[in-house]
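Asks:
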Amino acid sequence: MAPKVKGSKNSSQLLKDLKKVDESEDSVKLHTTLDKDANSYIAPEDLKYYKGANLALTLLAFGIRFYLIYFPSEVVFDEVHFGKFAAYYIERTYFFDLHPPFAKLLIAFVGYIFGFNGKFKFTNIGDSYIDNSVPYIPMRTLSAVLGTLTVPACFLTLQECGFSIPTCALAACLIAFDNAHVTDSRLILLDATLIFAVAASVYCYVRFTKQRNQPFATEWWKWLLLTGVSLSCVISTKYVGVFTFLCIGVAIIWDLWRLLDIKQGLTMRVFIRHFCARFISLIVVPFIIYLGWFYIHFAILTKSGPGDDFMSSEFQETLSESPLTREAKEVNYHDVITLKHKDTQCLLHSHNHQYPLRYDDGRISSQGQQVTCVQNPQDNDLNDQWEILPVSPYEQSSKLGHQVKQGDTFRLRHVGTNGYLLTHDVASPLFPTNEEFTVIDIESGDSTRFNDTLFRFDPQDKRKTNVLKTKASLVKVFHVPTIVTLWTHDDVVLPEWGFGQQEVNGNKKVGDADNYWTIDSIVGLSGPRTFFTPKKVTKLPFLRKWWELQMLMFEHNNKLSSEHPFASEPGTWPASLSGVSFWTDNTNKRQIYFIGNIVGWCFECVCLFSFCLLILLDQITRRREVYILTDKSRSRLYNTTGFFFCGWATHYFLFFLMSRQKFLHHYLPAHLLAALFSASFLEFMFTDNKRPPELSGLSAPLDSKAKETETGNGPTGKILWLPYISTVALVISIIISCFIYFAPFTYGNVSLPAEEVVKRQWFNIKLHYSK
1 MAPKVKGSKN SSQLLKDLKK VDESEDSVKL HTTLDKDANS YIAPEDLKYY KGANLALTLL
61 AFGIRFYLIY FPSEVVFDEV HFGKFAAYYI ERTYFFDLHP PFAKLLIAFV GYIFGFNGKF
121 KFTNIGDSYI DNSVPYIPMR TLSAVLGTLT VPACFLTLQE CGFSIPTCAL AACLIAFDNA
181 HVTDSRLILL DATLIFAVAA SVYCYVRFTK QRNQPFATEW WKWLLLTGVS LSCVISTKYV
241 GVFTFLCIGV AIIWDLWRLL DIKQGLTMRV FIRHFCARFI SLIVVPFIIY LGWFYIHFAI
301 LTKSGPGDDF MSSEFQETLS ESPLTREAKE VNYHDVITLK HKDTQCLLHS HNHQYPLRYD
361 DGRISSQGQQ VTCVQNPQDN DLNDQWEILP VSPYEQSSKL GHQVKQGDTF RLRHVGTNGY
421 LLTHDVASPL FPTNEEFTVI DIESGDSTRF NDTLFRFDPQ DKRKTNVLKT KASLVKVFHV
481 PTIVTLWTHD DVVLPEWGFG QQEVNGNKKV GDADNYWTID SIVGLSGPRT FFTPKKVTKL
541 PFLRKWWELQ MLMFEHNNKL SSEHPFASEP GTWPASLSGV SFWTDNTNKR QIYFIGNIVG
601 WCFECVCLFS FCLLILLDQI TRRREVYILT DKSRSRLYNT TGFFFCGWAT HYFLFFLMSR
661 QKFLHHYLPA HLLAALFSAS FLEFMFTDNK RPPELSGLSA PLDSKAKETE TGNGPTGKIL
721 WLPYISTVAL VISIIISCFI YFAPFTYGNV SLPAEEVVKR QWFNIKLHYS K
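Using the working numbering, the first residue of the sequence shown is number 1, and each one after it goes up by one.
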């Protein structure tokens, strides 16, 4: 029978009394009440003010994120990827992506319930949603709702830590009025889901720590399990979620280390229960949920698709044929084919007209036969048809039936004019830096030009043993002698002498993503290839499929090391020194540019740096036995504010170890933790945390009399309200002003004069239409 404790005025004394209670081997229940000395204490009569402030900021965040959410009614930035994946889910067509499926499944689910049929594939930035009847507003709404909920999650996290309303409001405003968070919360992207899951993980863990004196109680288990569920949502959205696991993991390890101390009074059996509870809730449960999303992923994607070639043949045998597979035909040498450019969807074309001797800028051409690209070609136009020929001719009796492999070297004969395609060291009409493409007469017999007619297929998936197939195989067409790629573009077309068709040239930037082509069709196909024989679908164990996909995801993630014009290094992130161009409107000179609230991000940098100095100063003074801070304030500085600082550090510094492509949006989880940290640190700096002068030189721990003096009714621990509220109001005002100043690039609905664009090119920001 536990003894009754009456009239305890000191929580630490109450805890000591309760620890004297006999503990059974099966459970440990430390019942305590939260008193006014606790750092997280909030008077009940003040809660209504917290709720009112939180509601007001949430409504404000809602309005900011839903304002003009329908604009632009075009594909923006990485919507080309995540919208496309939603389309594949709805069509049940297998695809390969580097990210886990959770957030993509949410996007697909929203699209499905609002009538999206998956036919539109989000192929190019700028493609119209209206013309293709895509329910893009509901799909963007998912991100906007989650982005909005992140704001109250931040407010409530600091509220649960016992911070004041201005502090909670400052953290919420750092997120609500951040241009980067708003931009990512208005588009069909994964980041809003990721950020909200990170915020939920931190909030649930804070709630769990407040139950530490009631271990294994219902509330204790509730918040521990909810922390694990939130963590599973983080890692199931993007693999950078492992940093959130590390953040919470460090705190859990520290907590277990504290419980292991014999002074805590726990038996080893009880300690093992604590360890197992955390292991199951934070490792096992999240892993099971993580596997569950992959199970749903495989259950939906049952048809062959663009992701087939990444997988093993055994895996591919588990997929039934999709419409793409039915249309995909193996290409043989001596087939007459049409070549289609992936991005502009035009066909490679040539006709019996020559380039002019001189172009408008005075440059001289080869006067060779024009090679162009055409939109909306005529049916069975011989000028769009090319016979694919081997480098070494087969004997006439056996020349048919030889498959073309991805990676093969070949020649192309133009059917309409009976000439060979080639490129050479002559400047193209519109790009002086690129090579001109032309066709030479096959009857000329010029053997010196033979090498100039050699091309090679370079596949996107790099599996060069794969047979080239119409529709399905995505390849670059490399010119063997000069190492340029066949390329076309639709931003500007040829003048009247080129009939307004697209220019074709040899692109020296062979790594560009718009160099890809497909074999669109085989003209006059006959024989067995015209028939489609359905394959027999087999089964593989779920874990085997998951493991294969998991290894491929990690492998390809690590290979993302190619250059990108808007990639940036982590050293530039905390102050938001550069950003990313998401969308442009050349007609109206409008743009969406991804950049953080520079004032807010720099404010966080100042707080982070100041915290490090303060910790260093505290440690140095204590080494000299000078104890300036009260024990209560040090607890808040190290345990609460320090937790947010460690969370920021674990979400930021590990990016320096990565060799893959890195972008500013990778910093957003760290920015969330930096917002929580900065607000809590600012309150600390405006709080009277000093010991009374007569106690500053005493050794710690204090005796009971000194402790009573330190935590008495004097000014110690009181917030300096007037200067603090004034500072918070000033910081929030500047943050809102900065948000409004850069809002034209957040929403993209305003066309600014060139001089106004130049004024906003802070640091390394490179905006469009500045001239």
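By construction, the Cβ of each residue, glycine as well, lies at the ideal position given by its N, Cα and C atoms.
These figures come from a predicted structure and were not determined experimentally.
1. Out of curiosity, what's the CA-to-CA distance linking Lys-662 and Lys-559?
2. Look up Val-21 in the DSSP assignment and say whether it is helix, strand or coil.
3. In whole angstroms, what separates the C-alpha of Ile-125 from that of Arg-326?
4. Evaluate the contact criterion for the stretch 231-249 versus the stretch 284-291: three or more CB pairs, one atom per stretch, below 8 Å.
5. Since Trp-601 contacts Gln-591 with CB under 8 Å, what's their CB separation in whole angstroms?
6. Identify, in the order they occur along the chain, each residue of the same chain with its Cβ nearer than 7 Å to the Cβ of Gln-761, setting aside the five sequence neighbours on each side.
7. Per DSSP, which residues does Asp-458 bridge with? Please list them.
8. When the Cα of Phe-163 is compared with those of Tyr-41, Ser-473, Trp-487 and Pro-356, which residue comes out closest?
9. Among Trp-573, Ile-90, Val-758 and Pro-541, which has the Cα closest to the Cα of Lys-303?
10. Please identify the residue among Arg-363, Asp-520, Ser-320 and His-556 whose C-alpha is closest to the C-alpha of Thr-533.
11. Please give the ranges of any beta strand (DSSP E) in the stretch 359-417, keeping only runs that are unbroken, at least 3 residues long and fully inside the region.
12. Measure from the alpha carbon of Val-336 to the alpha carbon of each residue in Arg-411, Gly-500 and His-351, then state which is nearest.
13. Going by C-alpha distance, which of Thr-193, Val-250, Ala-61 and His-489 is nearest Thr-237?
14. Mapping the DSSP letters down to three states, classify Trp-487 as helix, strand or coil.
15. Judging by CA-CA distance, which residue of Val-580, Val-374, Gly-111 and Ser-726 is the nearest neighbour of Thr-167?
16. Any idea if Lys-759 is buried or exposed, counting beta-carbon neighbours within 10 angstroms, 16 or more meaning buried?
17. Let me confirm a value: Asp-35 is counted as buried when at least 16 other C-beta atoms fall within 10 Å, else exposed. Which label applies?
18. On the criterion of 16 or more Cβ atoms from any shown chain inside 10 Å, does Trp-517 qualify as buried, or is it exposed?
19. In terms of alpha-carbon separation, which member of Ala-87, Gly-63 and Arg-212 lies closest to Leu-149?
20. DSSP has Glu-435 in a bridge; who is on the other side?
21. Please check the pair Glu-496 and Thr-372, which I expect to be a contact at CB under 8 Å, by giving their CB distance rounded to whole angstroms.
22. How close, in whole Å, do the beta carbons of Val-250 and Cys-612 come, if the pair is a contact with beta carbons under 8 Å?
23. Quick check on the DSSP output: what are the complete alpha helix (DSSP H) runs of length 4 or more inside the stretch 83-146, in order along the chain?
24. Who are Ile-337's beta bridge partners in DSSP?
25. Drop a sphere of 10 angstroms on the beta-carbon of Gln-403, count the other beta-carbons inside from all chains shown, and report buried for 16 or more, exposed for fewer.
26. So, using beta-carbon positions, are Val-182 and Leu-142 closer together than 7 Å?
27. Gly-714 to Lys-632, Cα distance in whole Å?
28. Assess contact between the stretch 670-681 and the stretch 170-177, defined as three or more Cβ pairs (one per stretch) separated by less than 8 Å. Is contact present?
29. Count the other CB atoms, across all protein chains shown, that sit within 10 Å of the CB of Phe-245; report buried if there are 16 or more and exposed otherwise.
30. Within the continuous beta strand (DSSP E) that includes Phe-745, where are the two ends?
31. Who are the Cβ neighbours of Val-537 in its own chain at under 6 Å, not counting the five residues just before and after it?
32. Excluding the 5 residues preceding and the 5 following Ser-73 in the sequence, name in chain order all residues of the same chain whose CB lies nearer than 8 Å to its CB.
33. Can you list the alpha helix (DSSP H) stretches of 4 or more residues lying completely in the stretch 247-332, in chain order?
34. In terms of alpha-carbon separation, which member of Ile-188, Leu-474, Lys-48 and Phe-102 lies closest to Asp-343?
Replies: Working from what's here:
1. For this step, residue 662 is matched to residue 662 along the sequence shown. For this step, residue 559 is matched to residue 559 along the sequence shown. The C-alpha of Lys-559 is placed about 12 Å away from the C-alpha of Lys-662.
2. What you label residue 21 is simply residue 21 of the sequence shown in a count that begins at 1. Confidence in Val-21 is poor, its pLDDT being 35 and thus under 50, which makes the residue's placement unreliable; the coordinate value appears in the next sentence. Looking at Val-21 - three-state DSSP - the assignment turns out to be coil, as it is neither helix nor strand.
3. Here residue 125 is taken as the residue at index 125 of the sequence shown, counted from 1. Here residue 326 is taken as the residue at index 326 of the sequence shown, counted from 1. Straight-line Cα distance between these residues: approximately 28 Å.
4. Three or more Cβ pairs drawn from the stretch 231-249 and the stretch 284-291 lie within less than 8 Å of each other, which places the two stretches in contact.
5. Locating residue 601 in the sequence shown gives position 601, counting from the first residue. Locating residue 591 in the sequence shown gives position 591, counting from the first residue. Actually they are not in contact, since the Cβ atoms of Trp-601 and Gln-591 sit about 21 Å apart, beyond 8 Å.
6. On the sequence shown, residue 761 is found 761 positions in, with the first residue counted as 1. Cβ contact annotation for Gln-761 (same chain, cutoff 7 Å, sequence separation greater than five): Leu-767 and Ser-770, in chain order.
7. Mapped onto the sequence shown, residue 458 falls at position 458. Lys-476.
8. Translated into positions along the sequence shown, residue 163 becomes position 163. When only C-alpha atoms are compared, the closest one is Tyr-41.
9. Position 303 of the sequence shown holds residue 303. Comparing alpha-carbon positions, the option among Trp-573, Ile-90, Val-758 and Pro-541 lying closest to Lys-303 turns out to be Ile-90.
10. Locating residue 533 in the sequence shown gives position 533, counting from the first residue. Residue Ser-320 holds the alpha-carbon nearest to the alpha-carbon of Thr-533 among Arg-363, Asp-520, Ser-320 and His-556.
11. As far as the stretch 359-417 is concerned, its whole beta strand (DSSP E) runs of at least 3 residues are 369-374, 386-390 and 409-414.
12. For the purposes of this step, residue 336 is taken as residue 336 along the sequence shown, with counting starting at 1. With distances taken between Cα atoms, Val-336 lies closest to Arg-411.
13. The residue labelled residue 237 in the question sits at position 237 within the sequence shown. Distances from the alpha-carbon of Thr-237 to those of Thr-193, Val-250, Ala-61 and His-489 put Thr-193 closest.
14. Within the sequence shown, the letter at position 487 stands for residue 487. Strand at Trp-487.
15. The residue you call residue 167 lines up with position 167 of the sequence shown. Comparing Cα-Cα distances from Thr-167 to each of Val-580, Val-374, Gly-111 and Ser-726, the minimum goes to Ser-726.
16. Sequence index remark: in the sequence shown, residue 759 carries index 759 (1-based). With fewer than 16 other Cβ atoms within 10 Å, it is exposed.
17. Translated into the one-based positions of the sequence shown, residue 35 becomes position 35. Low confidence applies here, because Asp-35 scores a pLDDT of 45, under 50, leaving its location unreliable; read the following figure in that light. It counts as exposed.
18. For the purposes of this step, residue 517 is taken as residue 517 along the sequence shown, with counting starting at 1. By the neighbour-count rule (16 or more Cβ atoms within 10 Å), Trp-517 is buried.
19. Taking the first residue of the sequence shown as position 1, residue 149 is located at position 149. Checking every option, the nearest Cα to that of Leu-149 belongs to Gly-63.
20. Stepping through the sequence shown from its first residue, residue 435 is reached at position 435. BP columns for Glu-435 point to Ala-427 and Gly-506.
21. Locating residue 496 in the sequence shown gives position 496, counting from the first residue. Locating residue 372 in the sequence shown gives position 372, counting from the first residue. Here Glu-496 is actually not in contact with Thr-372; their C-beta atoms are around 13 Å apart, not less than 8 Å.
22. Position 250 of the sequence shown holds residue 250. Position 612 of the sequence shown holds residue 612. Wrong, their Cβ atoms sit about 17 Å apart, outside the cutoff.
23. The qualifying runs are 102-113.
24. In the sequence shown, the residue the question calls residue 337 occupies position 337. Looking at the DSSP output, Ile-337 shares a beta bridge with Trp-386 and Ile-522.
25. On the sequence shown, residue 403 is found 403 positions in, with the first residue counted as 1. Within a 10 Å sphere around the beta-carbon of Gln-403 sit fewer than 16 other beta-carbons, which makes this residue exposed.
26. The sequence position of residue 182 within the sequence shown is 182, counting from 1. The sequence position of residue 142 within the sequence shown is 142, counting from 1. Contact flag unset, no.
27. As a working mapping, residue 714 is identified with position 714 in the sequence shown. As a working mapping, residue 632 is identified with position 632 in the sequence shown. The predicted model places Gly-714 with a pLDDT of 32, which falls under 50 and marks its position as unreliable; any figure quoted below should be read in that light. In a straight line, the C-alpha of Gly-714 is about 14 Å away from that of Lys-632.
28. Yes: the two stretches touch, three or more of their Cβ pairs being nearer than 8 Å.
29. Taking the sequence shown and counting its residues from 1, one reaches residue 245 at position 245. So Phe-245 ends up on the buried side.
30. Here residue 745 refers to the residue found at position 745 of the sequence shown. In the DSSP annotation of this structure, Phe-745 is not part of any beta strand (DSSP E); the continuous alpha helix (DSSP H) holding it starts and ends at 721-747.
31. Here residue 537 refers to the residue found at position 537 of the sequence shown. Ser-320.
32. Reading the sequence shown from its first residue, position 73 is the one you call residue 73. The answer, listed in chain order, is Ser-128, Tyr-129, Ile-130 and Tyr-136.
33. Here the runs fully enclosed are 268-279, 285-300, 313-316 and 323-327.
34. Residue mapping note: residue 343 aligns to position 343 of the sequence shown, counting from 1. It is Leu-474.
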